[in-house]
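A.B. asks: Residue numbers (this note's numbering): -4 to 330. Yeah, the Cβ is synthetic: ideal placement off N, Cα and C, and Gly gets one too.
1. What are the boundary residues of the alpha helix (DSSP H) that residue 179 is part of?
2. In terms of alpha-carbon separation, which member of 258, 217 and 103 lies closest to residue 315?
3. Figure out for me which residue from 206, 255 and 199 has the closest Cα to the Cα of residue 224.
4. Relative to the C-alpha of residue 175, which residue among 297, 209, 237 and 196 is closest?
5. When you compare the CB positions of residue 367 and residue 208, do they come within less than 8 angstroms of one another, or not?
6. Which of the three DSSP states is assigned to residue 191 in this structure?
7. For my contact list, residue 50 and residue 23 are in at a C-beta cut-off of 8 angstroms; report their separation, rounded to the angstrom.
8. Less than 8 angstroms between the CB atoms is what I'm expecting for residue 44 and residue 25, so what's the real figure, rounded?
9. With distance defined between alpha-carbon atoms, name the residue in 317, 295, 243 and 198 nearest to residue 267.
10. Using DSSP's beta-bridge definition, name the partner residues of residue 26.
11. In whole angstroms, what separates the C-alpha of residue 103 from that of residue 83?
12. With residue 89 as the anchor, note down where its alpha helix (DSSP H) starts and where it stops.
13. Extract the residue ranges of the beta strand (DSSP E) inside the region 190 to 239, only unbroken runs of 3 or more that lie entirely within it.
14. What does a CB cutoff of less than 6 angstroms around residue 195 pick up in its chain, not counting 5 residues either side in sequence?
15. Does the beta-carbon of residue 216 have 16 or more other beta-carbons within 10 angstroms, so that it is buried, or is it exposed?
16. What is the rounded straight-line gap between the Cα of residue 57 and the Cα of residue 72?
17. What is the DSSP secondary structure of residue 34, reduced to helix, strand or coil?
18. Taking the alpha carbon of residue 228 as the point to measure from, which residue in 14, 35, 17 and 54 has its own alpha carbon closest?
19. Would you tell me roughly how many angstroms separate the C-alpha atoms of residue 62 and residue 311, rounded to the nearest one?
20. Does the Cβ of residue 14 have 16 or more other Cβ atoms within 10 Å, making it buried, or fewer, making it exposed?
21. By the three-class DSSP mapping on this structure, what secondary structure does residue 49 have?
22. Is it true that the CB of residue 94 sits closer than 8 angstroms to the CB of residue 6?
23. Could you pull out every residue in the same chain whose Cβ sits closer than 8 angstroms to the Cβ of residue 301, ignoring the five residues on either side in sequence?
24. Looking at C-alpha atoms only, which residue of 210, 308 and 38 is the closest neighbour of residue 274?
25. Spell out the partners DSSP gives residue 83 in its beta bridges.
26. Residue 164 by DSSP, collapsed to three states: which one?
27. At the level of alpha carbons, what is the spacing between residue 183 and residue 292?
28. Keeping to the same chain, check which residues put their C-beta closer than 6 angstroms to that of residue 180; ignore five residues upstream and five downstream.
29. Could you tell me whether the Cβ atoms of residue 30 and residue 86 are closer together than 8 angstroms?
30. Using the C-alpha atoms, what's the distance from residue 47 back to residue 75?
31. Give every residue of the same chain whose Cβ lies closer than 6 angstroms to the Cβ of residue 78, excluding the five residues on either side of it in the sequence, and list them in chain order.
32. Assuming the contact rule is C-beta atoms closer than 8 angstroms, residue 169 and residue 232 should be a hit. Round their C-beta distance to whole Å, please.
33. Measure the C-alpha to C-alpha separation of residue 163 and residue 188 and round it to an integer number of angstroms.
34. Entirely within the region 241 to 286 and at least 4 residues each: give me those alpha helix (DSSP H) ranges in chain order.
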């Protein structure tokens, strides 16, 4: 027996309270109760999905049709208005391109849920929050539906495990563990790559004068800028309080890398709003190239060289980018 849309909506609200339903025009026709709580003043129904959300990845998405084609892939979104909370989800399409159901239960961090919205366990399904990716269509048979739900549970569990193990909860980019894994994989593959170590200048002053909440806002904004300045197959990782590492697979051209560093430093220098205040920082960067090693390349040495180049940039006046050169250690008092 086919269920009514009201019954489907009621079930969806219970098992997946962080969801959005869109039609073929990209307009929102349904939204979960917890998502409404994040933006209680938003006119959800009838609004265009892309007016409320900024889709960071996949970057190829430019339209509703593109969005529906991402079915099964991880989506990285942000609210367009402040606070620009990061969300992750998966879209399940309706038949005949008539829209889709977007499960956002994969994405909001516990830190943001508590700090920004005072969410509690009552705002989420009592079941595993990472297993439900709903296809709200009538199954042809009970066996097919059971098989599909099992596959969705397994895929959801895999996504959740990967995100938890390799993601920095504050910024949404990779963490040090992920960076180590990717470096070891690249070294084993023998492919050329470059590693850029970026450290924020004057970040301590932001924390000291405006508080750690302002510092968190700065880190989230910087992480977003780094993602925008890199390619989809590159890696952005937060490896310390205000330290980031960017890994560029297959890219060792110094001119291109210098251009990326220049754009990144320039964008980070733009004032970052925090309430009625502005946070002003800059960034220094150092880069090491895998191609500089004729043999015996290892991650620790590559990271050390990028770090030496970074501090050479800081000692030269900050807001600069240097490539590692032999002999730099002699000029670095911390080497």
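C.D. replies: Concretely, from the data shown:
1. It spans 171 to 184 - the alpha helix (DSSP H) in which residue 179 sits, taken as one unbroken run.
2. The candidate whose alpha carbon is nearest that of residue 315 is 258.
3. Cα-wise, what sits closest to residue 224 is 255.
4. A check of alpha carbon separations from residue 175 across 297, 209, 237 and 196 identifies 297 as the nearest.
5. No answer is possible for residue 367: it lies beyond the span of the chain, which begins at -4 and ends at 330.
6. Strand at residue 191.
7. Between the beta-carbon of residue 50 and that of residue 23 there is about 14 angstroms, and that puts the pair past the 8 angstroms contact cut.
8. With 8 angstroms as the limit, residue 44 and residue 25 do not qualify as a contact, their Cβ atoms being about 12 angstroms apart.
9. Out of 317, 295, 243 and 198, 198 has the C-alpha closest to the C-alpha of residue 267.
10. Answer is 15, bridged to residue 26.
11. Cα-Cα distance, rounded: 7 angstroms.
12. Segment: none, residue 89 is in no alpha helix (DSSP H) and carries neither H nor E.
13. Correct list: 230 to 233.
14. Taking C-beta separations shorter than 6 angstroms and ignoring five residues to either side along the sequence, the partners of residue 195 in its chain run 237, 276 and 278, following chain order.
15. Burial of residue 216 is indicated by the presence of at least 16 other C-beta atoms within 10 angstroms of its C-beta.
16. Going from the Cα of residue 57 to the Cα of residue 72 covers about 13 angstroms.
17. Look at residue 34 here: in three-state DSSP terms it is coil, with no helix or strand label.
18. If we check each option's Cα against that of residue 228, 54 comes out closest.
19. Separation of residue 62 and residue 311 (C-alpha to C-alpha, rounded to the nearest whole angstrom) is 46 angstroms.
20. Buried, because 16 or more other Cβ atoms sit within 10 Å of the Cβ of residue 14.
21. The DSSP-derived three-state label of residue 49 is strand.
22. No; because the gap between Cβ atoms is not below 8 angstroms, this pair is not in contact.
23. Once the five neighbours on either side are set aside, the close Cβ partners of residue 301 are 190, 191, 192, 240, 281, 282, 283 and 319.
24. The option with the nearest alpha carbon to residue 274 is 210.
25. Answer by DSSP bridge pairing, in chain order: 71.
26. Coil.
27. A direct Cα-Cα distance of roughly 10 angstroms separates residue 183 from residue 292.
28. Excluding residues within five positions, none has a Cβ falling inside 6 angstroms.
29. Taking 8 angstroms as the cut-off, the Cβ atoms of residue 30 and residue 86 do not count as close.
30. So the two alpha carbons sit approximately 6 angstroms from each other.
31. If you ignore the 5 residues before and after residue 78, its C-beta comes within less than 6 angstroms of the C-beta of 111, all in its own chain and listed in chain order.
32. Rounded, the Cβ-Cβ distance is 4 angstroms, consistent with contact.
33. Each residue's Cα considered, the two are about 23 angstroms apart.
34. Segments of the alpha helix (DSSP H) lying fully in the region 241 to 286: 249 to 263.
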